[in-house]
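Residues in the sequence shown are numbered consecutively from 6, following the working numbering.
What follows is a short report on a single structure.
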Amino acid sequence: MTGPLRRLRALPIRSRLALLVATAVAVAVAAVAVACWFVTREQLENQLDETLSGSKVDERYLTSLYAYCKGDTSQTPPSFAGLTVQLIDSRGTVCIAPDAASWKLPVSGEDLEVAKQERHYALHSATAENGTDMRVYTYPLDVRSPGSEPGNLAVTIARPMSEITDSLSTLAWVLLLVSGIGVVGAGAAGLWVARTGLRPVDELTDAVEHVARTEDLTVRIPVEGEDEIARLSRSFNSMAGSLATSRDRQSQLIADAGHELRTPLTSLRTNIELLVRSDETGRAIPPDDRRALMASVKAQMTELAALIGDLQELSRPDAAQPGPLQVVALHDITRTALQRARLRGPELTITAELAPWYVRAEPAALERAVVNVLDNAVKFSPPGGTVEVVLHRGELTVRDHGPGIPAEELPHVFERFWRSPSARQLPGSGLGLSIVARTVQQAGGDIALRPASGGGGTVASIRLPGAPTPPPEL
């Protein structure tokens, strides 16, 4: 059994569909044909039985046949037209016309019971002496011959079964022919339906092979209808579009990263070459200049390390699932981030009003996002300035008193590698706010920057869904 199944699975889908349709139609047609044949046979047999039951032999013929059976050969009865007629007495003796002797029928127990007046009639099948299958009807008869006593007799009349078997044979051949035509037609129709129905699958296959061969993600499949094939085509088009967008973002990320890395690498290379040339030529660099070069090298190394860390963070696709979410205390995370911010800006005054607020987020990512927002505020605050941090009912606001962000630049602040013209001389990669925006969105919140009212500066606002008290499981 496994061999045919394996060979069936090896066939193309359209061939399998056509074969399954043809098989299903063949089974259905065969069942209908067999049922039709049996019903027709039953009807024909009933009609033949009704015909036999309604047939009555002329009394004069029966009297003549009875007299012949008693030895009166003066008038030999002929065979009865269209019927085989014979008389049966209670002892089972059969009398039949001489010219119909080859059609003589055997006497059954039912026939004897009719002859003995023990039953009203008998209806059964029998085979004549000439080998012909007959349908037999026997009914009782009381005959009186001149000078004799009444005797118990039965009349048997029969007709050949060929009257119905010939018709049934013809019907069987007709049904067989019609069934064959139906199966062949069903197979052809199934193949046509399979080809028509699987044409979108062929187009999808061609598109996938084209993408695999050329890496061309602009290929789209025409979508028609609302069936499963149309859904599959739409899914492929959506997948191809997402892949194309992901590849474009990847290419843009690589290009932007290369551009951002070029500046610190060039500066770092220049400083190192100056130090190497000084050692090779023996011309010492003044101590102050050497210290400045070393400080610059250290700053550039720090900038490169920060840029590489940001690139690693952004290397995950935007659609990737975040890490496991946990219920965390946003006020505690903000308090930890404030400690790091005060170390980076010891000359600044950082005030904080933190009301309890619990959210579901990835703890490490959320802490990095808050640190990035505070770092921006520290970086753009003037010496001796103030940074105001407030957490109230799920909204964390960080305000600095720096130069602020022009209104025309606000739509771009969350783009990767974007830096305002005024901030390009300051350290940073232009990736911090992009990382913050993605982390906040993954936690179900939103972030916005707006100019501060009164005193200048910028306000960064982060809203996260949560509650002022921890859930019961905590």
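By construction, the Cβ of each residue, glycine as well, lies at the ideal position given by its N, Cα and C atoms.
Only a predicted model underlies this, so the values are computations on that prediction, with no experimental measurement involved.
My understanding is that residue i touches residue j, with C-beta atoms under 8 Å, so please give their C-beta distance in whole angstroms.
{"i": "residue 415", "j": "residue 445", "result": "About 17 Å separates the two Cβ atoms, so there is no contact after all."}
{"i": "residue 188", "j": "residue 34", "result": "6 Å"}
{"i": "residue 235", "j": "residue 228", "result": "5 Å"}
{"i": "residue 157", "j": "residue 95", "result": "5 Å"}
{"i": "residue 375", "j": "residue 338", "result": "6 Å"}
{"i": "residue 125", "j": "residue 115", "result": "That belief does not hold up - the Cβ atoms of residue 125 and residue 115 are roughly 11 Å apart, past 8 Å."}
{"i": "residue 70", "j": "residue 102", "result": "7 Å"}
{"i": "residue 46", "j": "residue 182", "result": "About 18 Å separates the two Cβ atoms, so there is no contact after all."}
{"i": "residue 373", "j": "residue 440", "result": "7 Å"}
Can residue i be considered in contact with the ligand NAP, in the sense that its beta carbon sits closer than 7 Å to one or more heavy atoms?
{"i": "residue 393", "result": "This structure lacks the ligand NAP, and indeed carries no ligand of any kind."}
Could you say which of the options lies nearest to residue i if we only look at CA atoms?
{"i": "residue 89", "options": "109, 398, 241", "result": "109"}
{"i": "residue 87", "options": "93, 57, 294, 42", "result": "57"}
{"i": "residue 204", "options": "221, 226, 185, 345", "result": "226"}
{"i": "residue 22", "options": "200, 71, 103", "result": "200"}
{"i": "residue 230", "options": "202, 440, 441", "result": "202"}
{"i": "residue 466", "options": "457, 93, 407, 403", "result": "403"}
{"i": "residue 371", "options": "452, 66, 128", "result": "452"}
{"i": "residue 408", "options": "399, 397, 456", "result": "456"}
{"i": "residue 476", "options": "334, 386, 115", "result": "334"}
{"i": "residue 43", "options": "131, 180, 20, 127", "result": "180"}
{"i": "residue 30", "options": "369, 185, 461", "result": "185"}
{"i": "residue 143", "options": "388, 172, 113", "result": "113"}
{"i": "residue 63", "options": "97, 82, 52", "result": "82"}
{"i": "residue 368", "options": "133, 303, 447, 237", "result": "447"}
{"i": "residue 222", "options": "197, 249, 74", "result": "249"}
{"i": "residue 111", "options": "282, 134, 440", "result": "134"}
{"i": "residue 104", "options": "98, 91, 27", "result": "91"}
{"i": "residue 330", "options": "297, 244, 441, 449", "result": "449"}
{"i": "residue 377", "options": "438, 303, 397", "result": "438"}
{"i": "residue 276", "options": "256, 303, 336, 216", "result": "303"}
{"i": "residue 462", "options": "412, 294, 212", "result": "412"}
{"i": "residue 480", "options": "98, 97, 132", "result": "Because residue 480 is not part of the residues shown, which for the chain are 6 to 479, the question remains open."}
{"i": "residue 397", "options": "292, 390, 336", "result": "336"}
{"i": "residue 405", "options": "307, 418, 464, 399", "result": "464"}
Among the residues of its own chain, which have a CB less than 7 Å from the CB of residue i, if the five just before and after it don't count?
{"i": "residue 206", "result": "234"}
{"i": "residue 355", "result": "343, 346, 347, 392, 394"}
{"i": "residue 146", "result": "67, 158, 159, 160"}
{"i": "residue 177", "result": "42"}
{"i": "residue 459", "result": "none"}
{"i": "residue 209", "result": "226, 237, 238, 241"}
{"i": "residue 74", "result": "92, 100"}
{"i": "residue 491", "result": "This structure does not reach residue 491, given that the chain is present from 6 up to 479, and the question cannot be answered."}
{"i": "residue 243", "result": "none"}
Can you list, in chain order, the residues of its chain whose CB lies under 6 Å from that of residue i, leaving out five sequence neighbours each side?
{"i": "residue 151", "result": "Caution applies to residue 151, whose pLDDT of 41 falls short of 50 and renders its modelled position unreliable; the value that the coordinates give is listed next. Contacts found: none."}
{"i": "residue 49", "result": "169"}
{"i": "residue 198", "result": "none"}
{"i": "residue 26", "result": "191, 195"}
{"i": "residue 283", "result": "290"}
{"i": "residue 127", "result": "115, 116, 119, 143"}
{"i": "residue 38", "result": "180, 184"}
{"i": "residue 401", "result": "467"}
With a threshold of 8 Å on Cβ separation, who are the neighbours of residue i within its own chain once the five nearest residues in sequence on each side are excluded?
{"i": "residue 480", "result": "With the chain covering only 6 through 479, there is no way to say anything about residue 480."}
{"i": "residue 279", "result": "290, 298"}
{"i": "residue 387", "result": "406, 407"}
Legend entry - Sufficient close CB pairs (3 or more, under 8 Å) joining the region 380-396 to the region 338-355: yes
Inset, instruction - Kindly confirm or deny that the region 156-170 and the region 133-146 touch, where touching means at least three C-beta pairs closer than 8 Å. - result: yes
Inset, instruction - Decide if the region 357-364 is in contact with the region 462-477; the criterion is three or more beta carbon pairs, one per stretch, under 8 Å apart. - result: yes
Inset, instruction - Would you check if the region 190-202 and the region 111-123 touch, i.e. whether three or more CB-CB distances between them fall below 8 Å? - result: no
Inset, instruction - Mind listing, in chain order, the continuous alpha helix (DSSP H) runs of no fewer than 4 residues lying wholly within the region 343-422? - result: 368-385
Legend entry - Unbroken stretches of the beta strand (DSSP E), 3 residues or longer, contained in the region 69-114: 89-94, 99-101
Inset, instruction - Scan the region 110-141 and note each continuous beta strand (DSSP E) run of 3 residues or more that stays entirely inside, going in chain order. - result: 127-132
Legend entry - 3-residue-minimum beta strand (DSSP E) runs that sit fully inside the region 182-226, ordered along the chain: none
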